[in-house]
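Below is one structure, written out as structure tokens; the observations come after it.
In full-length UniProt numbering, the protein residues as written are 1 to 107.
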């Protein structure tokens, strides 16, 4: 288990120190697919890896599902937006592939 401590600089508002702990179950993973489901109470993010087996078929293997409160989902949205803006400023604008017409090929 590893710990990371973040403390406040002198003169900042006094807030509790943040202690991040990594459990023995922690793991990193790569996802090129995420599906989002939502209910009144929470958001559910399902992460997976997508592989195109044939021209006609794409296989998604889901490996992790994470529930977030609506408040935490909005905080994640804000952080991702800020980080994506910084990334694009440094490396150029990201373009998403347009969706193919219904029945079209998957690239």
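C-beta atoms are modelled at their ideal positions from N, C-alpha and C, and glycine is treated no differently. No experiment lies behind these values; they were computed from the predicted model shown.
Neighbour-count burial assignment, residue i, 16 or more Cβ in a 10 Å radius
i: residue 106; result: Since pLDDT at residue 106 reaches only 49, below the 50 mark, its modelled position is unreliable, and no value is offered.
i: residue 98; result: exposed
For residue i, the three-state DSSP class (helix, strand or coil)
i: residue 35; result: strand
i: residue 57; result: strand
i: residue 81; result: helix
i: residue 64; result: strand
i: residue 15; result: coil
i: residue 96; result: coil
Residue i vs residue j beta-carbon contact at 8 Å
i: residue 43; j: residue 36; result: yes
i: residue 49; j: residue 31; result: yes
i: residue 62; j: residue 53; result: no
i: residue 46; j: residue 65; result: yes
Close Cβ partners of residue i (< 8 Å) along its chain, the five nearest in sequence each way excluded
i: residue 87; result: 94
Own chain residues within Cβ distance below 6 Å of residue i, not counting five before or after
i: residue 26; result: none
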